[in-house]
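Residue numbers (my numbering): 3 to 469.
All residues carry an ideal CB built from backbone N, CA and C; glycine is no exception.
Every value quoted in this text rests on a predicted model; they were computed, and no experiment measured them.
Working notes, beginning with the structure itself.
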């Protein structure tokens with residue numbers, strides 16, 4: 003059994019961004035052009051991060067943009083906003099070797115073609131273009147078509163099997179991406195620069211018809227070493243109602259059974275540049291005055307849920323930071339462990355702009371989401387299962403120390419974790435000062451422990467006024 007226990011090698015990170023950053027807004031770009039731009043960005047930023055894409059609002063929520071380019075300016079970069087996508091394709095033509103031809107968002111293939119294109123682009127150092135774009139730019143870029151994706155496959159699973167047979171060996175096996183392409187209100191193409199940059203195999207299980215189909219996707223999840231992340235987003239039952247798919251519950255269970263943790267990073271734009279942005283020292287939280295315990299009083303702890311979702315943490319917590327309640331009520335802010343690798347400069351921003359009423363804690367059981375620590379690695383022998391959880395906790399300790407967090411929420415679907423497993427957390431993470439168990443407490447959202455209450459505010463709306 004191969005298992006990762008090296009905190010330095012959980013996710014790939016970029017080099018330090020260049021002094022001059024070319025920025026593009028996508029508000030006037032169709033999805034095909036945005037996919038072209040994501041491929042180019044990933045390949046250019048693999049060599050030296052110097053392209054930033056502003057995707058605007060998140061999930062159609064006005065004002066929900068992450069606008070992390072402001073951090074680039076704050077850290078001394080010069081931003082150039084006047085280049086078109088065509089101009090960038092010509093300017094950076096030496097950074098890619100060929101062209102992937104196709105129409106990724108044609109209705110019959112939109113559910114899987116962006117994943118095919120993303121994977122091939124990373125492995126072949128090629129940029130996706132529609133026939134019209136290629137015809138317009140072929141003379142200026144001087145690149146040949148390496149593959150034409152039009153009219154090649156009968157279904158998505160046929161395409162994924164072909165992709166596996168032809169490209170798996172050349173992909174980066176330190177992670178895999180389960181990411182949907184269409185049918186979701188969230189923007190799932192904004193993370194594709196990072197997937198291209200790091201040669202990640204991308205798929206989505208929205209088309210399981212036979213048992214053979216199911217085993218194929220299980221083989222994909224099992225094909226990377228244990229304690230490596232599955233990055234992306236779960237499929238939704240409504241995306242393909244006639245067939246089975248790995249929805250959130252099924253995907254978490256499958257990943258955990260194979261000893262893999264999940265990283266919700268489907269709308270984390272510009273990770274090919276943000277993962278390399280430097281911080282100004284160690285990450286340190288502001289320290290609040292300790293509470294003097296009074297046995298005659300009842301205590302309540304408010305925590306903001308869904309922060310293990312790196313996309314919401316990255317985009318929507320910035321909106322919540324504008325909320326007046328931060329000045330009135332102590333609040334616990336949930337954070338994914340994977341944020342340390344994907345965008346540590348964003349953690350720094352949150353910490354720098356925190357008040358003494360804010361505290362950040364690790365969510366999702368640790369370094370990444372798992373179905374439950376009691377059953378982690380369930381497909382392995384008992385001895386191997388013990389080792390996998392030990393390695394998972396070693397990685398968790400690493401990111402908690404790096405992010406100055408001492409509180410952790412460890413949930414599973416039954417709202418319980420055994421005392422034996424809690425003892426393992428205590429032993430593996432000496433700095434741990436508190437551990438919350440359960441997912442949003444009892445079904446009514448309220449957990450009582452003696453005369454203390456934990457109230458988890460399930461963040462189900464992108465609008466901070468609904469909190």
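Distance from the CA of residue 254 to the CA of residue 264, rounded to the nearest whole angstrom, comes to 7 Å. Secondary structure in the stretch 102-148: the alpha helix (DSSP H) runs of 4 residues or longer, each lying completely within the stretch, are 115-126 and 133-143 in chain order. When C-beta atoms of the stretch 366-373 are compared with those of the stretch 386-406, three or more pairs fall below 8 Å, so the two segments count as touching. When secondary structure is reduced to three states using DSSP, residue 71 falls in the helix class. By the CB criterion at 8 Å, residue 386 and residue 3 fall inside the cutoff. For residue 281 against residue 341, the beta-carbon gap comes to about 12 Å, at or over 8 Å, which does not count as contact. Secondary structure note for residue 397: its alpha helix (DSSP H) is the uninterrupted segment 384-404.
Cβ neighbours of residue 323 within its own chain (closer than 8 Å, five residues either side excluded): 352 and 355.
When the five nearest sequence neighbours on each side are left out, the beta carbons in the same chain lying within less than 6 Å of the beta carbon of residue 162 are those of 205, in order along the chain.
The alpha-carbon separation between residue 383 and residue 17 amounts to approximately 39 Å.
Between residue 115 and residue 104, the C-beta spacing is below 8 Å. Residues of the same chain with a CB within less than 7 Å of the CB of residue 81, apart from the 5 flanking positions on each side, are 23, 25, 71, 74 and 75 in chain order.
In terms of Cβ geometry, residue 129 and residue 42 form a close pair [threshold 8 Å]. If you keep only unbroken beta strand (DSSP E) runs of at least 3 residues inside the stretch 268-346, you get 301-306 and 333-337. In terms of Cβ geometry, residue 139 and residue 91 form a close pair [threshold 8 Å]. Minimum Cα-Cα distance from residue 364 among the listed residues 388, 293, 438 and 377 corresponds to 438. Ranked by Cα distance from residue 304, the options 335, 201, 172 and 288 are led by 335.
Within the same chain, Cβ atoms closer than 6 Å to the Cβ of residue 9 are found at 397 and 400, the five residues on either side in sequence being excluded.
Take residue 428, set aside five residues on each side of it, and the residues of its chain with a beta-carbon closer than 7 Å to its own are 434, in chain order.
Around the CB of residue 362, 16 or more other CB atoms lie within 10 Å, so the residue is classed as buried. Per DSSP, reduced to three states, the secondary structure at residue 429 is helical.
Under the criterion of beta carbons closer than 8 Å, residue 225 and residue 379 do not qualify as touching, at roughly 16 Å. DSSP places residue 436 in the uninterrupted beta strand (DSSP E) bounded by 436-439.
Beta-bridge partners assigned by DSSP to residue 26: 55. The three-state secondary structure of residue 166, taken from DSSP, is helix.
Across the set 210, 261 and 271, the C-alpha of 271 shows the shortest separation from the C-alpha of residue 234. Residue 332 holds the alpha-carbon nearest to the alpha-carbon of residue 301 among 14, 284 and 332.
Beyond the five residues adjoining it in sequence on each side, residue 83 comes within less than 7 Å, by CB distance, of 25 in the same chain, given in chain order.
The three-state secondary structure of residue 411, taken from DSSP, is strand. The C-beta separation of residue 203 from residue 236 comes to about 17 Å, leaving the pair out of contact by the 8 Å criterion. In terms of Cβ geometry, residue 173 and residue 113 do not form a close pair [threshold 8 Å]. If you draw a straight line from the Cα of residue 29 to the Cα of residue 404, it is about 36 Å long. Between residue 126 and residue 148, the CB-CB gap stays under 8 Å. Just so you know, the alpha carbons of residue 164 and residue 279 end up roughly 36 Å apart.
In the three-state reduction of the DSSP assignment, residue 150 falls in the strand class, which pools E and B.
Residue 212 sits exposed, since fewer than 16 C-beta atoms from the chains shown fall within 10 Å of its C-beta.
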